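Engineer: One structure coming up, written as structure tokens, with questions to follow.
2 protein chains.
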Amino acid sequence: MPSVTIRDVAKEAGVSTATVSYVLNDSRRVGGETRERVRQAALRLGYRANITARNLQASETRLIGYSWRPTPTEQFNPIVDKFLQSIAEAAARHDYRILAFPSMDVHQELSAYEEMMLIGQVDGFILTNTNFDDERVLALVSNHFPFVSFGRANQDWDFLWIDVDGAAGVLEATRHLVSQGHLRIAFLAWPEKSQTGHYRLQGYLNGMEEAGLAVDTEWIQLAGNFYEESYAATQRLLALPLEHRPSAVIASSDLMALGVLNAAWNGGLEVGRDMAVIGFDDAPIARYMRPALTSLAQPVDKIGDQLVSTLIDELNGQPIGERQVLMQPTLVVRASSATPYSDRS
Amino acid sequence: MPSVTIRDVAKEAGVSTATVSYVLNDSRRVGGETRERVRQAALRLGYRANITARNLQASETRLIGYSWRPTPTEQFNPIVDKFLQSIAEAAARHDYRILAFPSMDVHQELSAYEEMMLIGQVDGFILTNTNFDDERVLALVSNHFPFVSFGRANQDWDFLWIDVDGAAGVLEATRHLVSQGHLRIAFLAWPEKSQTGHYRLQGYLNGMEEAGLAVDTEWIQLAGNFYEESYAATQRLLALPLEHRPSAVIASSDLMALGVLNAAWNGGLEVGRDMAVIGFDDAPIARYMRPALTSLAQPVDKIGDQLVSTLIDELNGQPIGERQVLMQPTLVVRASSATPYSDRS
DNA sequence: AGGCATAATTTAAACGTTTAACAATGGTTT
DNA sequence: AAACCATTGTTAAACGTTTAAATTATGCCT
Chain A
3 MPSVTIRDVA KEAGVSTATV SYVLNDSRRV GGETRERVRQ AALRLGYRAN
53 ITARNLQASE TRLIGYSWRP TPTEQFNPIV DKFLQSIAEA AARHDYRILA
103 FPSMDVHQEL SAYEEMMLIG QVDGFILTNT NFDDERVLAL VSNHFPFVSF
153 GRANQDWDFL WIDVDGAAGV LEATRHLVSQ GHLRIAFLAW PEKSQTGHYR
203 LQGYLNGMEE AGLAVDTEWI QLAGNFYEES YAATQRLLAL PLEHRPSAVI
253 ASSDLMALGV LNAAWNGGLE VGRDMAVIGF DDAPIARYMR PALTSLAQPV
303 DKIGDQLVST LIDELNGQPI GERQVLMQPT LVVRASSATP YSDRS
Chain B
3 MPSVTIRDVA KEAGVSTATV SYVLNDSRRV GGETRERVRQ AALRLGYRAN
53 ITARNLQASE TRLIGYSWRP TPTEQFNPIV DKFLQSIAEA AARHDYRILA
103 FPSMDVHQEL SAYEEMMLIG QVDGFILTNT NFDDERVLAL VSNHFPFVSF
153 GRANQDWDFL WIDVDGAAGV LEATRHLVSQ GHLRIAFLAW PEKSQTGHYR
203 LQGYLNGMEE AGLAVDTEWI QLAGNFYEES YAATQRLLAL PLEHRPSAVI
253 ASSDLMALGV LNAAWNGGLE VGRDMAVIGF DDAPIARYMR PALTSLAQPV
303 DKIGDQLVST LIDELNGQPI GERQVLMQPT LVVRASSATP YSDRS
């Protein structure tokens, strides 16, 4: 409360406030003796420049806004905290901070962005869960407000984004299964309108084609990002006649893979031997599932890092190297897919 | 960038900036006709008051600092994102925002707090993972800086905190097991120095005493908050001679309970029938474990809500109703402990 | 008509910095 | 000796609000 201002320091050192500012910020030559006197005075009084005043004068906030959609209780988002941590640390390295605001629905979220933009609460945004026709992207682009996005939107929109190459990841997963001897591989997909889901599905299709395996239409099951739907979808897969029944399942998320695991177990199958399962995200629990789940890990730290530094370059008007970046997920092989499979059909 | 200021509005409406401020903030009577003119002008220009300037003048930031320790990859913290969401939403309702900064080690964290305090980056803090002799609490208290804590510290320190009554929770869990017919109940504890772990252990001891059951020293196993240690501890429990071997295990966290589940299964036991297991936190995955895990749910939303409103009351110099609050966890009974147990020893 | 309370509006200071422009000083060059 | 330059310091404006105090306008009462 009794905070000490630059004026107090100036008085204490017997100089003007300008001199104090110059000394403390090293922004101009100052005589050696004066410099020392100012430093001593500042130290003695425990002076630290008030950040609000500094921000006002610089017309910036050194704050980056980040909002996310709360995860429903029956789901889990395994990377939200890791992601937040990574952007916050990266930001701190550049002397920026993260302002976190969750937002319920899309409209509330959009108006939150607009409000914060107008009142100058943040210098830029980091978006996540970006999708086709994303209103936020439209709004920010048309306002020329700086932002970066974790996730792509429409192909022909030019803005700064980084995404995980889901197609490449699932392609690798498919190859892995094929190399283990699997011929009938199923895929649990997200709804049509999900961009991310779309790419992951595409990776599966590419992998099957590459291996010269025909895809039974029954093998592609829509299951939202829900455990229950995933469980039910697996039951449908297991109910297929033997020669059509898949011996491996790739799920679009670890939560869904968990549904597969449990459905298979309850159906009397031993995953890892009778059936292979692969998830996506490499959630912390993946390694503790029974059996331990093979999954695709996203390089969350790297993504956070690069998102932040790209945004900050943009804020400083520096040229951006790559305006769009695809990062490769890595397949973490565990017991759920580690046993070679010899077809018994 | 070409942001419109209060001066622009004043000019547009042909009045002074003071009048504009009065109208827009409704902080003083203004003539009906003028009021309307100002409103129109503000609307026409799309004016929104700059928040940094407002904050400087009010010498506040309307920001609440929140820091957390990153969870190691082999662990998971099931409530960190839910908690963040709940405080951010509660804060938004009062027109405050959350500034999130993770911090690696204790010392870095402390200096981050001090720095932010001095430069006036936030109006107050929300602490988590508070523990005995917590340096942060000491520092903030001695600087008279406003903060609230999720978690207790030393008994005789007077500061604002809310905590979950771990003892009551585990007591309830113990009673539940006793009522299911269990006589030999084990407890997987956190290290000595953990305050939270201490209370949870105490709840177990109380429950056993209340039921008149002697506690075998082997039944209390220290296992950090780690899966592996928990798994190993369970193996030790299962290796006990039959008449000493516990038929139920309470773990101090869901992660640990998962270790128990897997160790029991690999040891040939069917949890839910041969053995009961209870966790703590009611993580999203608890319901999807095999078998579904009974666990103690923390009222995270309520806690976040009340932490924020208490802090804001403190910031506004309002009297605080309860300076210390214990909230009750609720036992969510699932398959892992739902089958009555008839002792066969 | 003068006095006076009340209402409406403006002026100007304040919040705490940074920084462009200016002034003083002393030394060097022509 | 005058002009010039480099160095060091100060003055004052600016960032965009809010608000206490001063000023002006309005209506009412005697």
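Going line by line, the protein sequences match chains A and B.
Residues in the first sequence are numbered from 3 upward in steps of one, following our numbering.
Residues in the second sequence are numbered from 3 upward in steps of one, following our numbering.
Every residue, glycine too, gets a C-beta built ideally from N, C-alpha and C.
Computed from a predicted model, the values in this text were never measured in an experiment.
1. For the beta strand (DSSP E) that contains T130/A, what are its first and last residues?
2. Once the 5 residues before and after V166/B are set aside, which same chain residues still bring their CB inside 7 Å of it?
3. Would L75/B and G122/A be called neighbours here (beta carbons separated by less than 8 Å)?
4. Examine chain A for any beta-carbon lying closer than 8 Å to the beta-carbon of S5/B, and answer yes or no.
5. Look at the Cβ atom of T19/A, then the Cβ atom of V40/A, and state whether they are nearer than 8 Å.
6. In whole angstroms, what separates the C-alpha of S249/A from that of D276/A?
7. Spell out a yes or no on whether the segment 196-205 of chain A and the segment 155-171 of chain A are touching, meaning 3 or more CB-CB pairs, one atom from each, closer than 8 Å.
8. Going straight from the alpha carbon of T312/A to that of D28/B, what length do you get?
9. Mind checking if S18/A is an interface residue toward chain B, Cβ cutoff 8 Å exclusive?
10. Find the nearest neighbour of L257/B within the set F189/B, R238/B, A288/B, judged by alpha-carbon distance.
11. Report yes or no: is there a C-beta of chain B within less than 8 Å of the C-beta of A266/A?
12. Tell me whether F149/B sits in a helix, a strand or coil according to DSSP, three-state version.
13. Drop a sphere of 10 angstroms on the beta-carbon of R99/B, count the other beta-carbons inside from all chains shown, and report buried for 16 or more, exposed for fewer.
14. Give the DSSP-derived three-state secondary structure of T7/A in the structure shown.
15. Determine, using beta carbons only, whether D83/B comes closer than 8 Å to chain A.
16. Starting from N52/B, find everything on chain A with Cβ-Cβ shorter than 7 Å and list it in chain order.
17. With three or more C-beta pairs closer than 8 Å as the rule, is the segment 206-216 of chain B touching the segment 176-195 of chain B?
18. So, is the C-beta of S347/A closer than 8 Å to a C-beta in chain B?
19. Compare the C-beta of T21/A with all C-beta atoms of chain B and state if any pair is closer than 8 Å.
20. Taking 8 Å as the threshold (C-beta atoms), are W221/A and A188/A in contact?
21. Roughly how many angstroms lie between the CA atoms of T1/B and V335/B, to the nearest whole one?
22. In the structure shown, what three-state DSSP assignment does S347/B receive?
23. Cβ of L263/A versus every heavy atom of the ligand ADP: is any distance shorter than 7 Å?
24. Compare the C-beta of Y98/A against all C-beta atoms of chain B and say whether one is closer than 8 Å.
25. Does the beta carbon of A1/B sit closer than 8 Å to a beta carbon anywhere in chain A?
26. If you measure between the beta carbons of A43/B and V11/B, is that distance less than 8 Å?
27. Report the rounded CA-to-CA distance for L112/B versus L224/B, giving the unit in angstroms.
28. Leaving out five residues before and five after A155/A in sequence, what residues of the same chain have Cβ atoms less than 6 Å from its Cβ?
29. Please confirm if Q157/B has its CB atom under 8 Å from at least one CB of chain A.
30. My guess is that V143/B and G67/B are in contact by the Cβ rule of under 8 Å, so how many angstroms apart are they, rounded?
31. Excluding sequence positions up to five away, which residues of its chain have a Cβ less than 8 Å from the Cβ of I322/A?
32. I want to see whether chain A comes within less than 8 Å of F152/B, judged by CB atoms only; does it?
33. Around the C-beta of L45/B, are 16 or more other C-beta atoms found within 10 angstroms, so that it is buried, or is it exposed?
34. Of all the CB atoms in chain B, is at least one closer than 8 Å to the CB of L101/A?
35. Skipping 5 residues on each side, what residues in its chain have a beta carbon closer than 7 Å to that of P80/B?
36. Skipping 5 residues on each side, what residues in its chain have a beta carbon closer than 6 Å to that of S105/B?
Structural biologist: So, from the data block:
1. For the purposes of this step, residue 130/A is identified with residue 128 of the first sequence, where counting begins at 1. Per DSSP, T130/A belongs to the beta strand (DSSP E) from 126-130.
2. Taking the second sequence and counting its residues from 1, the one referred to as residue 166/B is at position 164. Contacts found: Q300, M329, P331.
3. For the purposes of this step, residue 75/B is identified with residue 73 of the second sequence, where counting begins at 1. For the purposes of this step, residue 122/A is identified with residue 120 of the first sequence, where counting begins at 1. Sequence inspection shows Thr at residue 75/B; the Leu mentioned does not correspond to that position. Not in contact: T75/B and G122/A (Cβ atoms no closer than 8 Å).
4. Residue 5/B sits at position 3 when you count from the first residue of the second sequence. With 8 Å as the cut-off, S5/B counts as an interface residue toward chain A.
5. Start at 1 with the first residue of the first sequence, and residue 19/A comes out as number 17. Start at 1 with the first residue of the first sequence, and residue 40/A comes out as number 38. Inclusion of T19/A and V40/A in the CB contact set at 8 Å is not warranted, their separation being larger than that value.
6. Here residue 249/A refers to the residue found at position 247 of the first sequence. Here residue 276/A refers to the residue found at position 274 of the first sequence. Each residue's alpha carbon lies about 7 Å from the other.
7. The segment 196-205 of chain A is in contact with the segment 155-171 of chain A.
8. Locating residue 312/A in the first sequence gives position 310, where the first residue counts as 1. Locating residue 28/B in the second sequence gives position 26, where the first residue counts as 1. Looking at the two C-alpha atoms, the distance is approximately 42 Å.
9. For the purposes of this step, residue 18/A is identified with residue 16 of the first sequence, where counting begins at 1. Residue contact check for S18/A against chain B: no CB pair falls below 8 Å.
10. Taking the first residue of the second sequence as position 1, residue 257/B is located at position 255. Answer by Cα proximity: A288/B.
11. Here residue 266/A refers to the residue found at position 264 when the first sequence is read from its first residue. By this cut-off, A266/A is not an interface position.
12. Stepping through the second sequence from its first residue, residue 149/B is reached at position 147. Strand.
13. Residue 99/B sits at position 97 when you count from the first residue of the second sequence. That one is buried.
14. Along the first sequence, read from residue 1 onward, the residue named residue 7/A stands at position 5. If DSSP states are grouped into helix, strand and coil, T7/A belongs with coil.
15. Residue 83/B sits at position 81 when you count from the first residue of the second sequence. Using a CB distance cut-off of 8 Å, D83/B counts as an interface residue toward chain A.
16. In the second sequence, the residue the question calls residue 52/B occupies position 50. In chain order, I121, G122 make up the part of chain A whose C-beta sits under 7 Å from the C-beta of N52/B.
17. The segment 176-195 of chain B vs the segment 206-216 of chain B: in contact.
18. Position 345 of the first sequence, counting from 1, holds the residue named residue 347/A. Caution is warranted here: a pLDDT of 48 is assigned to S347/A, below 50, making its placement in the model unreliable, and no coordinate value can be reported.
19. Against the first sequence, residue 21/A aligns to sequence position 19. Chain B contact via Cβ: absent.
20. Here residue 188/A refers to the residue found at position 186 when the first sequence is read from its first residue. Here residue 221/A refers to the residue found at position 219 when the first sequence is read from its first residue. Contact: yes.
21. Nothing about residue 1/B can be reported from this structure: the residues present for chain B run from 3 to 347 only.
22. For the purposes of this step, residue 347/B is taken as the residue at position 345 of the second sequence. Caution applies to S347/B, whose pLDDT of 48 falls short of 50 and renders its modelled position unreliable; the value that the coordinates give is listed next. The answer is coil: DSSP assigns S347/B none of H, G, I, E or B.
23. In terms of ligand content, the structure shown is empty, and the ligand ADP therefore cannot be addressed.
24. Translated into the one-based positions of the first sequence, residue 98/A becomes position 96. Under the 8 Å criterion on CB atoms, Y98/A is classed as non-interfacial with respect to chain B.
25. With chain B running from 3 to 347 in the structure shown, residue 1/B is simply not present.
26. One-based indexing of the second sequence puts residue 43/B at position 41. One-based indexing of the second sequence puts residue 11/B at position 9. Contact flag set, yes.
27. By one-based count along the second sequence, residue 112/B stands at place 110. By one-based count along the second sequence, residue 224/B stands at place 222. Using only the alpha carbons, I get a separation of about 29 Å.
28. Your numbering for residue 155/A matches position 153 in the first sequence. Only T132, D136, V139 meet the Cβ criterion.
29. In the second sequence, the residue the question calls residue 157/B occupies position 155. Q157/B does not count as touching chain A.
30. For the purposes of this step, residue 143/B is taken as residue 141 along the second sequence, with counting starting at 1. For the purposes of this step, residue 67/B is taken as residue 65 along the second sequence, with counting starting at 1. Not really, about 16 Å apart at Cβ, beyond 8 Å.
31. Sequence index remark: in the first sequence, residue 322/A carries index 320 (1-based). L162, T312, D315, E316, listed in sequence order.
32. Start at 1 with the first residue of the second sequence, and residue 152/B comes out as number 150. Output row for F152/B: interface = no.
33. Counting from 1 along the second sequence, the entry for residue 45/B is found at position 43. It is exposed - the Cβ of L45/B has fewer than 16 other Cβ atoms within 10 Å.
34. For the purposes of this step, residue 101/A is taken as residue 99 along the first sequence, with counting starting at 1. Yes - at least one Cβ of chain B is within 8 Å of the one on L101/A.
35. To locate residue 80/B, count along the second sequence from 1; it is residue 78. Taken in chain order, the residues that qualify are D256, D283, A285, P286.
36. Position 103 of the second sequence, counted from the first residue, corresponds to residue 105/B. Closer than 6 Å at the Cβ level, and outside the excluded window around S105/B, lie S69, E111, A114.
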